[in-house]
Ligand code: ATP
Ligand code: MG
Ligand code: FE
């Protein structure tokens, strides 16, 4: 089976081709970061228009790179939600148009299910069941994933997402969006312990988290500094911030494994690309003789490959009638607001 995956929920157009036996054949990501930079954030209407310009060209590029043609496709998978309404509509409409023209099933995928299953493209790939830590720009959640399609929320951030905290810290230190990679690189030059920032909720017995107090602590430190532009000061603040986020996520991840008595941890979402976080989580999980899995580095932030792999899993789990129902008609439209637990499959199997 050959699946075309399309992601357009925010400011990245991602397109990929996955072959059910050969794996990922090709993927392309076009990011709109430079386009939105001048406005200090993502402008929804500009995002939608840019997705329209890119998506078919990227589709042709992945087909060419893989040496396949549209006629070889078995199905189209597309991000159904959550995300920006207009941006999602571009991907969903294009997917339906391709599906209608070629008589293919069109499968709607939850964006977070995509993030969560991106590590199926890593080698070795995780096996169910596992605890998933989803750390992205909009979410910080622990999930119990008993099997494909079964997502139980164990705990989440009560305010900011970890990625958002990275982006705000970057901004305070005078760096552009997305701040994650920049803060991470700066932190490498920082001295451990130079700034001890709070680790909110680290001792609470649940699996909830909070990152807004940490952001305020960074803000206060930067505002009070005599020389906030001093390179060593900036590096020390970045280091203090990264260490605090890493400590909280690591402590909570260990707690999640203990609570669920599971031994595998799958980390997903943009922040799972973070070097320091990867190292700390790996050490903690291995100390418990557990297994840890991350998506390939290029597939941590938004991309089409994670949507294609989630679509493939859905397709494999469908009956022939269910596949037929996804064909020839507009079976769904974009869902800007949609939680992963709402998207869990009816019987947890598929
Ligand atoms: P969501 O998936 O929750 O809807 P999103 O799609 O905007 O949100 P992602 O694309 O998964 O989020 O991730 C983007 C986030 O990841 C940004 O906040 C960015 O700063 C962060 N990020 C990317 N690389 C790194 C890194 N190396 N270290 C820390 N954070 C990072
Ligand atoms: Mg993005
Ligand atoms: Fe995302």
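Residue numbers (full-length UniProt numbering): 1 to 350.
All C-beta atoms in this analysis are idealised placements derived from N, C-alpha and C, irrespective of residue type, glycine included.
Predicted, not measured: the structure shown is a model, and the values here were computed from it.
In chain order, each beta strand (DSSP E) run of at least 3 residues that lies wholly inside the region 86–119: If we require 3 residues or more, the beta strand (DSSP E) runs fully inside the region 86–119 come out as 106–110.
Beta-bridge pairing of residue 141 - partner residues as DSSP gives them: Partner residues in the beta bridge of residue 141, as assigned by DSSP, are 134, 156.
Alpha carbon of residue 331 to alpha carbon of residue 207, nearest angstrom: Their Cα atoms are separated by approximately 36 angstroms.
C-alpha gap between residue 277 and residue 150, whole angstroms: One Cα belongs to residue 277, the other to residue 150, and the distance between them is close to 26 angstroms.
Residue of 154, 312, 302 minimising C-alpha distance to residue 111: The residue with the shortest Cα to Cα distance from residue 111 is 302.
Assumed close pair residue 36, residue 62 - CB separation to whole angstroms, cut-off 8 angstroms: The Cβ separation is near 24 angstroms, so there is no contact.
For residue 27, the three-state DSSP class (helix, strand or coil): In the structure shown, residue 27 sits in a strand (DSSP, three-state: E or B).
Cβ-heavy atom distance, residue 212 to ligand 1, below 7 angstroms: In terms of side-chain proximity, the C-beta atom of residue 212 is found no nearer than 7 angstroms to any non-hydrogen atom of ligand 1.
Any non-hydrogen atom of ligand 2 closer than 7 angstroms to residue 11 Cβ: Flag set: Cβ of residue 11 near ligand 2.
Through-space distance from residue 216 to residue 235, alpha-carbon basis: If you take the alpha carbons of residue 235 and residue 216, they lie about 18 angstroms apart.
Beta-carbon proximity check, residue 284 vs residue 134, cutoff 8 angstroms: Contact flag unset, no.
Outcome for residue 2 when other beta-carbon atoms lying within 10 angstroms are tallied against a minimum of 16: Buried is the label assigned to residue 2, since at least 16 other Cβ atoms lie within 10 Å of its Cβ.
Beta-carbon contacts of residue 349 that lie in its chain and below 8 angstroms, excluding the five residues immediately before and after: Any reading at residue 349 must be qualified, since the residue scores a pLDDT of 45, below 50, and its modelled position is unreliable; the value itself is stated next. The beta carbon of residue 349 is closer than 8 angstroms to those of 147, 148, 149, 150, 317 in its chain, skipping five residues each way along the sequence.
Beta strand (DSSP E) segment containing residue 14, residue limits: 12–19 is the extent of the beta strand (DSSP E) around residue 14.
Residue 111 Cβ short of 7 angstroms to ligand 3 heavy atom set: Yes, since a heavy atom of ligand 3 falls inside the 7 angstroms radius drawn around the Cβ of residue 111.
Cβ neighbour criterion (16 or more within 10 Å) applied to residue 232: Burial call: exposed.
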